[in-house]
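Asks:
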Amino acid sequence: MRLFVGIDITDEIRGRFSDYMRRLEGLAPGTKWVKPESLHVTLKFIGYTEKLDDIKTALAVVKGSSFSLRFQGTGFFTQRSPRVFWVGIEAGAELAALARYIEQVLVPVGIAPEERKYSPHLTLAREGSGRPQGAREDRNKPKMYALKQRLEQEPRLAQMDFGTMQATEFILYQSETRPEGARYTKLARFPLP
Numbered sequence: 004m005r006l007f008v009g010i011d012i013t014d015e016i017r018g019r020f021s022d023y024m025r026r027l028e029g030l031a032p033g034t035k036w037v038k039p040e041s042l043h044v045t046l047k048f049i050g051y052t053e054k055l056d057d058i059k060t061a062l063a064v065v066k067g068s069s070f071s072l073r074f075q076g077t078g079f080f081t082q083r084s085p086r087v088f089w090v091g092i093e094a095g096a097e098l099a100a101l102a103r104y105i106e107q108v109l110v111p112v113g114i115a116p117e118e119r120k121y122s123p124h125l126t127l128a129r130e131g132s133g134r135p136q137g138a139r140e141d142r143n144k145p146k147m148y149a150l151k152q153r154l155e156q157e158p159r160l161a162q163m164d165f166g167t168m169q170a171t172e173f174i175l176y177q178s179e180t181r182p183e184g185a186r187y188t189k190l191a192r193f194p195l196p
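Below, the structure written as structure tokens:
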């Protein structure tokens, strides 16, 4: 099974993201927008494994306190050739510390640590498959290029403040890839009192 560890978002924040994505959908035809019910903050991507029980046991060791997450501003991975559209997260040191702690407890289970530094964000959309319609020069640009240009022209759209929530738990998810998009199932919850 394919697993990851993340933080679910509140319904209030989810509603704000849903409204925002609806406003922007037409600017990036062919882009795969994340379904609002699937929005989450990833702490650690685990990948395919059969070590479910060992992972649950390791994650149960993680201790921490609840903390605030503020969702504000947008960006792209990568800047020159945008393929992922995301919202930034401000959380102080707590979020990165939790991600590091989770990574450390999973190493003895055989889950390799990330090579890249943790970069907190919430993904709203990814580059879809296929080629964009239009002139030849436009077909060679990523589908998100028009969205990136629009956000550069309208900074208030790019710097939206989606609000703040309290992270009171982290979750072990199963990810299933389907033709209609990824489906995430919550397998275990771990409190952050």
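FYI, in this note's numbering the residues of the sequence shown are 4 to 196. Cβ atoms here follow ideal geometry from the backbone N, Cα and C, with glycine treated the same way.
1. Buried or exposed for Thr-34, please, with buried defined as at least 16 other CB atoms from any protein chain shown within 10 angstroms of its CB.
2. Just to confirm my understanding: we take Phe-193, look at its own chain, exclude 5 residues before and 5 after, and list those with CB closer than 8 Å. What are they?
3. So, Val-87 versus Arg-129, is the Cβ gap smaller than 7 Å?
4. Is Leu-98 closer than 7 Å to Pro-123 when the C-beta atoms are compared?
5. If we count the other Cβ atoms within 10 Å of its Cβ and call it buried at 16 or more, is Tyr-51 buried or exposed?
6. Using 10 angstroms around the beta-carbon of Thr-60, count the other beta-carbons present and answer buried if the total reaches 16, otherwise exposed.
7. Classify Met-147 as helix, strand or coil using the three-state DSSP reduction.
8. Would Arg-103 pass as an interface residue toward chain C - the criterion being a Cβ-Cβ separation below 7 Å?
9. By how many angstroms is the C-alpha of Val-37 removed from the C-alpha of Glu-155?
10. Taking the CB atoms as reference points, tell me whether Leu-46 and Phe-20 lie closer together than 7 Å.
Replies: If we stick to the structure as given:
1. The count along the sequence shown starts at 1 and reaches residue 34 at position 31. Looking at its Cβ environment, which holds 16 or more other Cβ atoms inside 10 Å, Thr-34 is buried.
2. Looking up residue 193 in the sequence shown gives position 190. Once the five neighbours on either side are set aside, the close Cβ partners of Phe-193 are Leu-62, Ala-63, Val-65, Glu-172, Phe-173, Ile-174, Leu-175.
3. One-based indexing of the sequence shown puts residue 87 at position 84. One-based indexing of the sequence shown puts residue 129 at position 126. Yes. Within cutoff.
4. On the sequence shown, residue 123 is found 120 positions in, with the first residue counted as 1. On the sequence shown, residue 98 is found 95 positions in, with the first residue counted as 1. For Pro-123 and Leu-98, yes; Cβs fall inside 7 Å.
5. Start at 1 with the first residue of the sequence shown, and residue 51 comes out as number 48. Flag for Tyr-51 reads exposed.
6. Counting from 1 along the sequence shown, the entry for residue 60 is found at position 57. Classification of Thr-60: exposed, given that the 10 Å Cβ count is below 16.
7. On the sequence shown, residue 147 is found 144 positions in, with the first residue counted as 1. The answer is coil: DSSP assigns Met-147 none of H, G, I, E or B.
8. The structure shown contains no chain C; it holds only a single protein chain.
9. Here residue 155 refers to the residue found at position 152 when the sequence shown is read from its first residue. Here residue 37 refers to the residue found at position 34 when the sequence shown is read from its first residue. Glu-155 and Val-37 have their C-alpha atoms some 22 Å from each other.
10. Position 43 of the sequence shown holds residue 46. Position 17 of the sequence shown holds residue 20. No, these two residues do not count as a Cβ contact at 7 Å.
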